[in-house]
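Participant:
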Amino acid sequence: VELREIHQSFGPTPVLSGLNLRVESGDYVVLLGKSGCGKTTLLRLVAGLTGPTSGKISIGGQSVEGVPPRHRDVSMVFQDDTLYPHLTVRQSIAFGLRNRDAGPALAERIEQAAELAGAKGLLDRYPEGLSGGELRRGAIAKSIARRAAVRLMDEPLSALDAPVRHALQDDLLRWHSTFEGTTIHVTHDGQEAMRMADKIAVLDDGRIIQFTTPVEIYQHPATRSVARAVGWPPINLLSRETLSDDSVVANFHWDDDVAVEVGVRAEAFSALDPSVDPSDWRGLVVSGQVTRVTWIDGRCHVRVDLGAAAIDAVLPRERALETGHSCRLFAAADQLHLFDVATQQRIGTDGGG
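Okay, so the sequence shown: first residue is 1 according to this note's numbering, each after it adds one.
(1) Classify Ala-259 as buried or exposed, calling it buried when 16 or more other Cβ atoms lie within 10 Å of its own Cβ.
(2) With distances taken between CB atoms, is the gap from Ala-145 to Arg-109 smaller than 8 Å?
(3) Just to confirm my understanding: we take Pro-234, look at its own chain, exclude 5 residues before and 5 after, and list those with CB closer than 7 Å. What are they?
(4) Taking DSSP as the reference, what is the three-state secondary structure of His-166?
(5) Give me the Cα-Cα distance between Arg-137 and Val-264, rounded to the nearest whole angstrom.
(6) How would you call Arg-317, buried or exposed, if buried means at least 16 neighbouring beta carbons within 10 angstroms?
(7) For Asn-236, which residues does DSSP report across the bridge?
(8) Relative to the C-alpha of Cys-37, which residue among Val-202, Ala-331 and Ser-244 is closest?
(9) What residue range does the alpha helix (DSSP H) around Thr-40 cover?
(10) Exposed or buried, Asn-236, counting other C-beta atoms within 10 Å across all chains shown (16 or more means buried)?
(11) When you compare each of Ile-209, Arg-292 and Asp-245 to Ser-17 by their alpha carbons, which one comes out closest?
(12) Can you name, in chain order, every residue of its own chain whose Cβ lies under 7 Å from the Cβ of Leu-87, other than the five neighbours on each side?
(13) What three-state label does DSSP hand Lys-120 in the structure shown?
(14) For Thr-183, does the count of other Cβ atoms within 10 angstroms reach 16, so buried, or fall short, so exposed?
(15) Drop a sphere of 10 angstroms on the beta-carbon of Lys-142, count the other beta-carbons inside from all chains shown, and report buried for 16 or more, exposed for fewer.
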């Protein structure tokens with residue numbers, strides 16, 4: 001799937017501005033961005049539900065300009081589930097497959113799709129009797145049964161309880177690996193994107209600002225907004241004023257002519273003994289008071305008040321801290337992310353972070 005120089009406006013409002021994206025066959029790509037950034041519009045363009053103001057779209061190397069949705073080898077799971085209220089789940093799936101199979105072949109296809117979506121027990125039930133997670137499974141089974149070469153999913157895991165969300169996540173990945181094809185999945189959830197994607201495309205202001213693997217997105221975010229889009233707790237961002245505070249020792253080099261903001265992932269911090277000399281440690285040393293401690297998955301999540309700012313840190317059990325105690329934390333220079341305040345772009349450090 002390739003989109004080239006796509007511009008899309010609704011009236012005077014631009015939604016996509018010169019967007020370029022090439023999704024290789026077989027990839028599971030997640031489009032990540034905040035609400036209103038153009039993610040759903042991009043899916044609708046690929047599906048043929050709307051046309052671009054300008055630009056070119058191709059699928060399988062062929063232009064789809066003027067090709068109606070029913071003639072594109074594309075299926076789509078909408079954010080609002082698309083099961084017919086007067087039909088059972090089985091009948092809804094079969095309706096979407098009319099003129100494709102009949103008799104035993106159709107029944108087998110429906111059963112296989114329902115099994116992949118975890119919906120076998122739902123086939124003879126009506127939508128009004130289904131939970132939100134069950135409705136989503138039915139809609140996904142309907143899309144699976146199409147066996148389209150390109151599968152589009154608009155927030156397929158949103159508004160679901162965590163256990164249901166994680167189970168569906170596994171089902172979606174199994175579907176992707178079972179049938180050859182390309183999957184494009186929209187979400188605003190950075191953790192979901194990291195778990196699901198072969199590659200993540202981060203959208204902001206109508207453009208794709210970074211498109212690469214989850215590891216590269218996490219370790220080398222191209223901009224401040226990309227850094228904020230992935231990771232939990234969100235990346236700590238320290239202003240130049242905070243770096244000048246007595247609670248912070250910034251023992252690394254950056255261009256003094258550039259106003260910078262320093263990003264530090266919560267898990268990059270380690271606890272230092274209060275007696276150590278911070279000038280001996282190359283990187284960032286912060287001192288403050290622990291104001292909150294939370295235990296998640298066996299790790300200690302702490303909020304530390306530095307006076308000029310507050311930061312989050314994630315520490316192993318053996319280095320746990322207690323609320324009200326003073327502490328000193330260290331992040332090595334190669335774990336720091338520097339951003340130009342004016343451009344929001346990532347810049348280098350002497351530590352290679």
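Glycine included, each C-beta is placed from N, C-alpha and C at the ideal position.
Facilitator: From the atom records:
(1) Flag for Ala-259 reads exposed.
(2) Arg-109 sits close to Ala-145, with the two beta carbons spaced by under 8 Å.
(3) Arg-228
(4) helix
(5) Looking at the two C-alpha atoms, the distance is approximately 38 Å.
(6) exposed
(7) Val-264
(8) Val-202
(9) 39–47
(10) Burial call: buried.
(11) Ile-209
(12) Around Leu-87: Phe-95.
(13) DSSP places Lys-120 in helix when its eight states are reduced to three.
(14) buried
(15) buried
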